[in-house]
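Going down the list, the protein sequences come from chains A, B, C and D.
The numbering used here applies: residue 3 is where the first sequence begins, and numbers increase by one.
The numbering used here applies: residue 3 is where the second sequence begins, and numbers increase by one.
The numbering used here applies: residue 3 is where the third sequence begins, and numbers increase by one.
The numbering used here applies: residue 3 is where the fourth sequence begins, and numbers increase by one.
Each residue gets a CB set at the ideal place from its N, CA and C atoms; glycine is no exception.
Step one of this worksheet: look at the structure below.
There are 4 protein chains.
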Amino acid sequence: MPSEKVTRTRGKRTMSKLMDAGMRVLADRGYHATRVDDIVKAARISHGTFYLYFADKEDLVRALAEECAEDVKATVAGLGPVSQGPDGRAQLREWLERWSVSYRHYGPVVRSWMEDHVPDPALAQVGAKAFADITASLRARIAEAAPPHVDPELAAPAMLAMIERTFYYVLSRGIAVDEEALLDNMATMIHRGFFGGTG
Amino acid sequence: MPSEKVTRTRGKRTMSKLMDAGMRVLADRGYHATRVDDIVKAARISHGTFYLYFADKEDLVRALAEECAEDVKATVAGLGPVSQGPDGRAQLREWLERWSVSYRHYGPVVRSWMEDHVPDPALAQVGAKAFADITASLRARIAEAAPPHVDPELAAPAMLAMIERTFYYVLSRGIAVDEEALLDNMATMIHRGFFGGTG
Amino acid sequence: MPSEKVTRTRGKRTMSKLMDAGMRVLADRGYHATRVDDIVKAARISHGTFYLYFADKEDLVRALAEECAEDVKATVAGLGPVSQGPDGRAQLREWLERWSVSYRHYGPVVRSWMEDHVPDPALAQVGAKAFADITASLRARIAEAAPPHVDPELAAPAMLAMIERTFYYVLSRGIAVDEEALLDNMATMIHRGFFGGTG
Amino acid sequence: MPSEKVTRTRGKRTMSKLMDAGMRVLADRGYHATRVDDIVKAARISHGTFYLYFADKEDLVRALAEECAEDVKATVAGLGPVSQGPDGRAQLREWLERWSVSYRHYGPVVRSWMEDHVPDPALAQVGAKAFADITASLRARIAEAAPPHVDPELAAPAMLAMIERTFYYVLSRGIAVDEEALLDNMATMIHRGFFGGTG
DNA sequence: CATGAATGAGTGTTCATTCAT
DNA sequence: AATGAATGAACACTCATTCAT
């Protein structure tokens, strides 16, 4: 039915305008400073329309978070077994690059669930789930190659911590560094620290 | 004048009651959910008195941040040269333990300046300064021992990222881990990844 | 034109679907909590269609009110002369029963114009007219039989008050009573109080 | 302590300004049309201050309702045993007059809990309690004197219904009647209908 | 020094009504 | 005749900050 398709289309477009706008505002202002008003202005829709699509601000962020979590989990899961030689390091380097691309887009959302005392439990939940899934992926890889005295259980979150926060410093806070060099270095450090890489 | 002395003493006591209370509330509720009202209730003083001591809420957090920055910088600076052998790893381990003690106390403040889009520029400033000082300390140590292909300039923030976030996961978010084992592992990973440690 | 006939038929059906739904929602939620949204959902029609049939929410309630007023007036007018003996009481009893049947259906509408400060003047008007007509009916009957010191002018509204509110308590607020006994009692009290009934 | 007394006094004054204003606005506009904004304007205080004293609009109405319930219950309880002779009627007449005075003041509140589908459960509760207490008082009196075929259990609410609604018509809706005559008539009707009065 | 009542700007949310399809 | 997405005015509530006592 064309009419059904039309209305659905309009609705879908508005929805994605809202999510895009939400993403932009989140990136600009951060989670706590984001106002519904900012979002609807950015989406060029009226205030009331927002509530046709989302129960409240948190609801939109949660929708973004779910989208984001899927993307990040898939990206992280894209890492294959890491050998101790130079090709292991090269694989890590490529994988980090893919992650950095994802982070450049979804960083604002990741940060919203990383914040201290996330006010919305549903959002915290999405974050906790993503955290668990990501560390599980990493744990599996580390377990295959960890050097002595490195427990994959503990190494996985440490590795995630290092990567996420470093991206945050560099990609979001705009600390000026040569990005190529950064990825090179991180690949090296991770290879040596977590995978027994021999440089 | 004795009276002046008395009031001064009273003033000092009120001031520290406020800072203690601020610390507690910050830990409990997090930066954004902290209300002046919570602080004055915790300090058992009146609402108006708050503004005799601090220009606004941010002013108190800034004061806490400065205190905290001093402590963290000193702690981090307490790391001596790190050798590649097992005693280097042991030194790192002890130093991490001292840092964890500091973090247990000052974590809430550290997180307030680590948050995405810190609203108060003065607070952001304190955080940026602390970041710079800490990475400078680390850079110096790493420079003395970095393995090939590890640029101290880039490794320092990565190391800080890993330590701070891991403490955050474990000490603040209450992810259950054996803390002794965690410190052991971190010491090993850092030793290997940043200081050319050989297992 | 057959097509016109068809559409007319369709229009009538939609109209009555709306009025039925309005009645149901009014009964469920009460006048102030009734939302256009609830009505169109109950009628299973679209939001916009509502405004093809009614100027606004008040317009629908007014239409219901007119329907209801006709019914109640006719019911009340159905009371014949009331004698002072036991058959007068029996007549009252039957008449009250007919009224109770009407109230069970139209109660929600009656209450909407009985409320304190009815916002819509047109609705208030319908209520005032019904009030006037009903009290006129009652006045005529009371005038034929009122005991000494009972002015029909004043007794009529008092009698209406007693009946309407008692039905409200019992039929709408669901205060549990034996309905037969209630009607018996009311018939007796009204007979004695307003018609000089003797035991 | 004078200072404590002063502040308390100020607070009390504001509180009563709010309750007075609430009463006035309720009388003017009715429960549903009453806005917090109207109340604070009438009380000549700021919007925010309202929330220092009441959790929300309902909270204020509830406070008024409790005050009102006490008054009405006491007034109704003021009716002594009613004899069947003319002095019984005279007693009723005086008692009704006292009730009318109370109603003139508290009518708006009484109506707020009498409305169809009271939205605030706490308010409904106060109303239900008042209803129960008042009918209990009436029941006791009626039981002492009820004519045959009048069950006090059922007569009490009917009597309340008649009195409350008649006052409502006359005192609030401003139907023009001679108030003295009205009270005379009501006394007679009640005396005959509920207490076996013999005219 | 200390108090706590008062302020008002800022923000979120609801819902009757309109209008392009 | 019917649809349902969009609108925006109206209203509730919070909280940092001020100020008379």
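Integer Cβ distance of residue i from residue j, believed to fall under 8 angstroms
i	j	result
leucine 20 of chain D	tyrosine 53 of chain D	11 angstroms between Cβ atoms; not a contact.
tyrosine 105 of chain C	valine 112 of chain C	7 angstroms
glutamate 117 of chain C	glutamate 117 of chain D	6 angstroms
methionine 164 of chain D	alanine 163 of chain C	5 angstroms
valine 63 of chain D	alanine 44 of chain D	Contact flag wrong, Cβ pair sits at about 14 angstroms.
leucine 156 of chain C	asparagine 187 of chain D	4 angstroms
lysine 59 of chain A	threonine 36 of chain A	7 angstroms
methionine 25 of chain A	leucine 66 of chain A	6 angstroms
alanine 23 of chain D	glutamine 86 of chain D	About 47 angstroms separates the two Cβ atoms, so there is no contact after all.
valine 152 of chain C	threonine 190 of chain D	6 angstroms
Closer than 8 angstroms at the beta carbon, the chain A residues around residue i
i	result
histidine 151 of chain B	Asp186, Asn187, Thr190 and Gly201
alanine 183 of chain B	Asp153 and Leu156
Three-way DSSP call (helix, strand, coil) for residue i in this model
i	result
threonine 200 of chain B	coil
aspartate 73 of chain D	helix
leucine 81 of chain C	coil
valine 120 of chain D	coil
glutamine 86 of chain A	coil
methionine 21 of chain A	helix
Contacts of residue i in chain C (Cβ-Cβ under 7 angstroms)
i	result
glycine 32 of chain D	Asp118 and His119
proline 159 of chain D	Thr168 and Tyr171
Spatial neighbours of residue i in its chain, beta-carbon cut-off 7 angstroms, leaving aside the 5 residues before and after
i	result
isoleucine 192 of chain A	Leu94 and Met161
glycine 90 of chain B	Val84, His193, Phe197 and Gly199
alanine 145 of chain C	Pro154
tyrosine 108 of chain A	Cys70, Asp73 and Val74
histidine 34 of chain D	none
threonine 203 of chain B	Because residue 203 of chain B is not part of the residues shown, which for chain B are 3 to 201, the question remains open.
proline 88 of chain C	none
serine 18 of chain A	none
aspartate 135 of chain C	Lys75
alanine 29 of chain D	Pro110
Cut-off 8 angstroms between Cβ atoms - residues of its own chain near residue i, not counting five sequence neighbours on either side
i	result
serine 102 of chain C	Phe169, Leu173, Glu181 and Leu185
aspartate 39 of chain D	His49
valine 120 of chain D	Ser114, Ala126 and Gly129
arginine 100 of chain A	Thr77 and Gly80
lysine 131 of chain A	Ala71
alanine 138 of chain D	Ala158
aspartate 122 of chain B	Glu60, Val63 and Arg64
Within chain D, partners of residue i - CB distance below 8 angstroms
i	result
glutamate 146 of chain C	Going along chain D, no residue has its Cβ under 8 angstroms from glutamate 146 of chain C, so there is no contact; the nearest lies around 16 angstroms.
Within chain B, the residues that residue i reaches when beta carbons sit closer than 9 angstroms
i	result
threonine 77 of chain A	In chain order: nothing, as chain B lies at least about 19 angstroms away.
Within chain A, partners of residue i - CB distance below 7 angstroms
i	result
valine 179 of chain B	Leu156
Chain-ordered neighbours of residue i on chain D, where CB pairs are closer than 9 angstroms
i	result
glutamate 166 of chain C	Ala163 and Arg167
Listed by chain order, chain B residues near residue i by CB distance under 7 angstroms
i	result
arginine 194 of chain A	Pro149, Arg194 and Gly195
arginine 113 of chain A	Asp118
alanine 35 of chain A	His119 and Pro121
Cβ-heavy atom distance, residue i to the ligand SAH, below 6 angstroms
i	result
aspartate 135 of chain C	The ligand SAH is not part of the structure shown, which contains no ligands of any sort.
Own chain partners of residue i with C-beta closer than 6 angstroms, once the 5 adjacent residues on each side are dropped
i	result
arginine 10 of chain A	none
proline 149 of chain D	Gly198
Which residue spans inside the stretch 24-59 of chain C form an unbroken beta strand (DSSP E) run of at least 3?
-> none
Hey, which unbroken runs of the alpha helix (DSSP H) at 4 residues or more fall wholly within the stretch 136-201 of chain B?
-> 154-169 and 181-197
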